[in-house]
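Novice:
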Amino acid sequence: MLLKRKNENANEFLINGNEISAFQDFVIVDIFNDQFIIDNLVKTEFKFETVNSINRDFELQVDFLDNNSQLQHTFTFIQEASTNNNDVFSSYTETFEDDTLEALKRTSVLIFTLRILPGQTINENSLGRIDLKSLAAFYFNIRDDS
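Residue numbers (the working numbering): 298 to 443.
(1) Please report the residue range of the alpha helix (DSSP H) in which Phe333 lies.
(2) Assign Asn365 to buried or exposed, taking buried as 16 or more other Cβ atoms, counted over all protein chains shown, within 10 Å of its Cβ.
(3) Below 7 Å CB to CB, which residues in the same chain sit around Glu316 once its five sequence neighbours on both sides are set aside?
(4) With H, G and I counted as helix, E and B as strand and the rest as coil, what does DSSP make of Asp396?
(5) Below 8 Å on the Cβ atoms is my contact criterion, and I expect Lys482 with Ser431 to pass it. Report the Cβ-Cβ distance as a whole number of Å.
(6) Between Asn382, Arg426, Val359 and Ser318, which lies nearest to Phe374 when the distance is taken from Cα to Cα?
(7) Provide the residue span of the beta strand (DSSP E) that contains Ala319, from first to last.
(8) Out of Ile335, Phe361 and Ser350, which has the shortest C-alpha to C-alpha gap to Phe409?
(9) Helix, strand or coil for Asn313 per DSSP?
(10) Look at the Cβ atom of Glu342, then the Cβ atom of Thr390, and state whether they are nearer than 8 Å.
(11) Going along the chain, which unbroken runs of the alpha helix (DSSP H) with 4 or more residues stay wholly within the region 374-431?
(12) Please classify Gln321: is it buried, with 16 or more other beta-carbons within 10 angstroms of its beta-carbon, or exposed?
(13) For Asn313, which option in Leu401, Asn337, Asp441 and Glu421 has the closest C-alpha, if you only look at C-alpha atoms?
(14) Among Ile335, Phe323, Gly425 and Ala319, which residue has its Cα nearest to the Cα of Phe435?
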């Protein structure tokens, strides 16, 4: 199981008073170096829970790269804005089976790009936060043929 969390206040989208539109982070994935995992993994789900209390939509893009930095898979989802700074909850699940599972097995780096979408200008006094939780669940088919 792989778990990652990101929590950003609205004013963290500023550098020297200027709004920035994206944050990027990465995770090195080394579990696919194990032959047992490659042979027995039958399904994976990446689950995301988001909370947005900023008056701006945002999107999360997740890119899956192999050892040669070649894109193997990508997906994006959008979280709605909060017009009154109350928490807006959302969830998204990306499922890997068959061809997409094979692409996942070739992955060595995950790149997470959080983009705040156009809208009301953010400043030092802007209210709200973006909270993002991600979880990867791995399903194996393990049987004893002896």
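The beta-carbon is built from N, C-alpha and C at its ideal position, and this holds for glycine as well. Just so we're clear, the structure is a prediction, and the values are computed from it rather than from any experiment.
Specialist: If we stick to the structure as given:
(1) Unbroken alpha helix (DSSP H) run through Phe333: Gln332 to Asn337.
(2) Around the C-beta of Asn365, fewer than 16 other C-beta atoms lie within 10 Å, and the residue is accordingly described as exposed.
(3) Excluding positions up to five away in sequence, the list reads Phe310, Thr418 and Ile419.
(4) Asp396 carries a helical assignment under DSSP once its states are collapsed to helix, strand and coil.
(5) Outside the displayed span of the chain (298 to 443) sits residue 482, for which this structure offers no information.
(6) Answer by Cα proximity: Val359.
(7) Run containing Ala319: Ala319 to Ile325, per the beta strand (DSSP E) assignment.
(8) If you compare the alpha carbons of Ile335, Phe361 and Ser350 with that of Phe409, the shortest gap goes to Phe361.
(9) Asn313 falls in the coil class under three-state DSSP.
(10) In contact: Glu342 and Thr390 (Cβ atoms closer than 8 Å).
(11) Counting whole runs of 4 or more residues, the region 374-431 contains the alpha helix (DSSP H) stretches 395-402.
(12) That one is exposed.
(13) With distances taken between Cα atoms, Asn313 lies closest to Glu421.
(14) Checked all of Ile335, Phe323, Gly425 and Ala319; the closest Cα to Phe435 is Ile335.
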